[in-house]
Amino acid sequence: MADVFVLNPPVTKDFCRSARWAARSRGRVQRHPDWLLTAVAVLEKAGLEVDFLDGAAINCGQRKVALALEKSSPALFVVHTTTPSIDSDLGYASLAREFLPDCRTVAVGPHVTAEPEDTLKRANGVLDVVVKGEYDYTLLELAELAASGWSTRRLSQVSGISYFDEFSELAHAPPRPYLDVNELPFPAWRHIDPRSYRDAGKRFPFITLISGRGCFGRCTFCRDVPLMEGRKLRMRSPELVVDEIEYDLALFPHLKEVMFETDTFTAIPRHVEGVCEEILRRGLEITWSCNCRTDMDLRLLPLMKKAGCRMLMVGFEFGTQEALNSVNKGTTLEHSIRFAKEAERIGFTVHGCFMFGAPGETLESARKTIEFAKSLPIDTVQFSGICAYPGTEMYEWARARGFLLPNTWREWVDENWEQTTVLNYSELSKEEIDGLIDRGLKEFYLRPKQMLRMALAIRRIDDLKRKLYGFVSFSEYLSRRTPGWNQTYHNKLTNSGYWY
159 MADVFVLNPP VTKDFCRSAR WAARSRGRVQ RHPDWLLTAV AVLEKAGLEV DFLDGAAINC
219 GQRKVALALE KSSPALFVVH TTTPSIDSDL GYASLAREFL PDCRTVAVGP HVTAEPEDTL
279 KRANGVLDVV VKGEYDYTLL ELAELAASGW STRRLSQVSG ISYFDEFSEL AHAPPRPYLD
339 VNELPFPAWR HIDPRSYRDA GKRFPFITLI SGRGCFGRCT FCRDVPLMEG RKLRMRSPEL
399 VVDEIEYDLA LFPHLKEVMF ETDTFTAIPR HVEGVCEEIL RRGLEITWSC NCRTDMDLRL
459 LPLMKKAGCR MLMVGFEFGT QEALNSVNKG TTLEHSIRFA KEAERIGFTV HGCFMFGAPG
519 ETLESARKTI EFAKSLPIDT VQFSGICAYP GTEMYEWARA RGFLLPNTWR EWVDENWEQT
579 TVLNYSELSK EEIDGLIDRG LKEFYLRPKQ MLRMALAIRR IDDLKRKLYG FVSFSEYLSR
639 RTPGWNQTYH NKLTNSGYWY
C-alpha cells in the first residue's frame, strides 16, 4: 500500500504531456515528467510511500492503471492534466474513486490552474481538489490531510487550491507564495526508465534538468510562466545544479546527455558561469543542451562549449520585428542574426523554434518567417501555430476578438491528437497557418544545402540513429496530413506571389 499514487495518465500513443505544447509532437518527442517527480521527491523526503506511473511514456491502457491503483490502494490520488486531455484525465479520477471510494482525488497542471471552476464542475464530484500553480508542497499538505482526517474546514488552511466547500460552493484558497527552488530535492527519477523518452534532437538516452523556475519575459503566448512559475527568475545554486547532474549519472550511468529544460537557462550570466565552472572544476565529462533566448550574453558561449554544451534550443519565433513586438518577445531580428552566427562559429548545434499566427500576421509576414529561418546558419527547426492556451494573455486577447476557434478543450489538438492551429484571422486562416507549418518544414529540410549540413553533422552511430528516428517520425506526421492540402494551399500560397 502507498500513501499517494501519482499518475501521468495515458491518452493516446506518443501524446507528450510535459512539453509546452500538450499533443503528439511532429517529431514524436516524449519528455520526462520532471515537475511531477520533483513533487514525488518532496513527498518521499517527508517519509510518505509514493507510487508513480507515467502512462503517457509507456503508452499503457486503462486496465494497467486500474490494476496499479488497486494494488497501491492510496489515500491520495494525484492526476496530471492538460488542456486537450482534461476530460480523459478526469476519467482517471473517476476510476480511482470507483476502485477506492475513500481515496481523495487531486488534479495538477497548468490547465486546472487556469480553469479551476470549469474543472471541478466537469469532474461532477469525482475530483476533490484542484491545485493551482506550484504543487510540490501543496501535495504534501493534502497527503497529510488524506491520512489524518480530511474536511473542508481543514482544506481552508491549505494555500493554492480550489474545491467545493460543505455548502457545495466553490472555494478558492489564497495563492501559495513561490517556493525557494534551492529547497527542492532532486526528481525521484528511480520511478522511470530514461529509455522511455525520445527526442531526435537529443542523444539517447537523455534526462531533463530544471535549474530554476520563473522568467522575466512577458511573451503573451507563454503558458507555464504566468500559471506555474511566476515572472521572477529563481535559479538554483550552481553547486546544487551540478550535484543534480552527478545524482543523475549515479542513477543512470548510461546517460548520453542532460537537457537543461529551464525556460531561460542563460538569462543570468553569473548563474551560467557558475554552473559551467563547477562542471569543469569537478572534471565531469557530460554533454548537455539548454534553452536560451537570442538576446543572451554571447560572451558566455565559449565557456558553455568548454563545459560540454552541445546544442542550443532557441526561440527565434518570427521573421519580422512587427510579429516579435506584437507578442512582447523583447528581442530583435538583429539579436537572432548575431546569435546564430556566433553559435555556428563556436560549433554549437542550434535548434530554432518558429511560429505563425501573431496578431496582425499575414501570408507575407509568415513567408518572411520561413525565409528568415532558411537564412540562418542553424541545424534543425520546428514551426508551430501559436497555441493560445487558457491562462495566457494570447488566449484572452484572441477570445475577446473572436479569433479563437475551439469550442471544446479537446479541439486544442486535431483528430489524431497532433498539434493544430487554434486561431483564425481574417488576414490568415487556420487552414493557411496549418499549411504554412507543413510548407516551412518541407522548405527548410528538403534543401540540398540543409540536407548536406545535417549529413555532415553525423559523426557517430548514435547521431545516425537519432536522425533516422527523426526522419521516420517526420514522415509519419506528413503522411497523416490532409491529402488535399498540397493542391489547395500550395496553389493559394504560390499564386499569392509571396514565394517567388
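Using the numbering used here, read the sequence shown as starting at 159 and increasing by one per residue.
Virtual Cβ for every residue (Gly too), placed ideally from N, Cα, C.
Name the DSSP beta bridge partners of residue i, please?
{"i": "residue 417", "result": "366, 447"}
{"i": "residue 209", "result": "163"}
{"i": "residue 510", "result": "472, 539"}
{"i": "residue 180", "result": "Answer is none; residue 180 lacks a bridge partner."}
{"i": "residue 188", "result": "BP columns for residue 188 are empty, so no partner."}
{"i": "residue 174", "result": "181"}
{"i": "residue 393", "result": "370"}
{"i": "residue 577", "result": "571"}
{"i": "residue 289", "result": "319"}
In the DSSP assignment, find the beta strand (DSSP E) that holds residue i and state where it starts and stops.
{"i": "residue 475", "result": "467 to 475"}
{"i": "residue 322", "result": "319 to 322"}
{"i": "residue 237", "result": "234 to 238"}
{"i": "residue 328", "result": "328 to 330"}
If you draw a straight line from the C-alpha of residue i to the C-alpha of residue j, how long is it?
{"i": "residue 160", "j": "residue 209", "result": "6 Å"}
{"i": "residue 531", "j": "residue 183", "result": "20 Å"}
{"i": "residue 350", "j": "residue 165", "result": "12 Å"}
{"i": "residue 211", "j": "residue 492", "result": "45 Å"}
{"i": "residue 520", "j": "residue 484", "result": "13 Å"}
{"i": "residue 514", "j": "residue 377", "result": "14 Å"}
{"i": "residue 347", "j": "residue 195", "result": "7 Å"}
{"i": "residue 576", "j": "residue 562", "result": "18 Å"}
{"i": "residue 317", "j": "residue 478", "result": "43 Å"}
{"i": "residue 366", "j": "residue 177", "result": "11 Å"}
{"i": "residue 374", "j": "residue 393", "result": "12 Å"}
{"i": "residue 459", "j": "residue 507", "result": "12 Å"}
{"i": "residue 352", "j": "residue 224", "result": "24 Å"}
{"i": "residue 456", "j": "residue 501", "result": "8 Å"}
{"i": "residue 605", "j": "residue 528", "result": "13 Å"}
{"i": "residue 556", "j": "residue 574", "result": "24 Å"}
{"i": "residue 155", "j": "residue 497", "result": "Past the boundaries of the shown model lies residue 155; the chain is included only from 159 to 658, so the question cannot be answered."}
{"i": "residue 468", "j": "residue 322", "result": "49 Å"}
{"i": "residue 354", "j": "residue 309", "result": "39 Å"}
{"i": "residue 655", "j": "residue 385", "result": "Since pLDDT at residue 655 reaches only 41, below the 50 mark, its modelled position is unreliable, and the value read off the structure follows with that caveat. The alpha-carbon atoms of residue 655 and residue 385 are separated by roughly 41 Å."}
{"i": "residue 474", "j": "residue 510", "result": "6 Å"}
{"i": "residue 583", "j": "residue 206", "result": "51 Å"}
{"i": "residue 383", "j": "residue 389", "result": "6 Å"}
Should residue i be labelled buried (16 or more other beta-carbon atoms within 10 Å of its own) or exposed?
{"i": "residue 566", "result": "exposed"}
{"i": "residue 369", "result": "buried"}
{"i": "residue 594", "result": "buried"}
{"i": "residue 172", "result": "buried"}
{"i": "residue 175", "result": "buried"}
{"i": "residue 286", "result": "buried"}
{"i": "residue 537", "result": "buried"}
{"i": "residue 403", "result": "buried"}
{"i": "residue 282", "result": "exposed"}
{"i": "residue 360", "result": "buried"}
{"i": "residue 437", "result": "buried"}
{"i": "residue 620", "result": "exposed"}
{"i": "residue 214", "result": "buried"}
{"i": "residue 609", "result": "exposed"}
{"i": "residue 516", "result": "buried"}
Please list the terminal residues of the continuous alpha helix (DSSP H) segment that includes residue i.
{"i": "residue 262", "result": "Counting along the chain, residue 262 falls outside any alpha helix (DSSP H), though it belongs to the beta strand (DSSP E) covering 262 to 266."}
{"i": "residue 429", "result": "427 to 440"}
{"i": "residue 603", "result": "588 to 603"}
{"i": "residue 493", "result": "491 to 504"}
Check residue i in the structure and name its three-state DSSP category.
{"i": "residue 648", "result": "Any answer about residue 648 is weak, because its pLDDT of 42 lies below 50 and its placement is not dependable; what the coordinates show is given next. If DSSP states are grouped into helix, strand and coil, residue 648 belongs with the helices."}
{"i": "residue 479", "result": "helix"}
{"i": "residue 643", "result": "Low confidence applies here, because residue 643 scores a pLDDT of 40, under 50, leaving its location unreliable and the question unanswered by this model."}
{"i": "residue 379", "result": "coil"}
{"i": "residue 371", "result": "strand"}
{"i": "residue 562", "result": "strand"}
{"i": "residue 456", "result": "helix"}
{"i": "residue 313", "result": "helix"}
{"i": "residue 150", "result": "Outside the shown range of the chain (159 to 658) lies residue 150, about which nothing can therefore be said."}
{"i": "residue 169", "result": "coil"}
{"i": "residue 247", "result": "helix"}
{"i": "residue 257", "result": "helix"}
{"i": "residue 548", "result": "coil"}
{"i": "residue 273", "result": "coil"}
{"i": "residue 242", "result": "coil"}
{"i": "residue 424", "result": "coil"}
{"i": "residue 349", "result": "helix"}
{"i": "residue 534", "result": "coil"}
{"i": "residue 384", "result": "helix"}
{"i": "residue 584", "result": "coil"}
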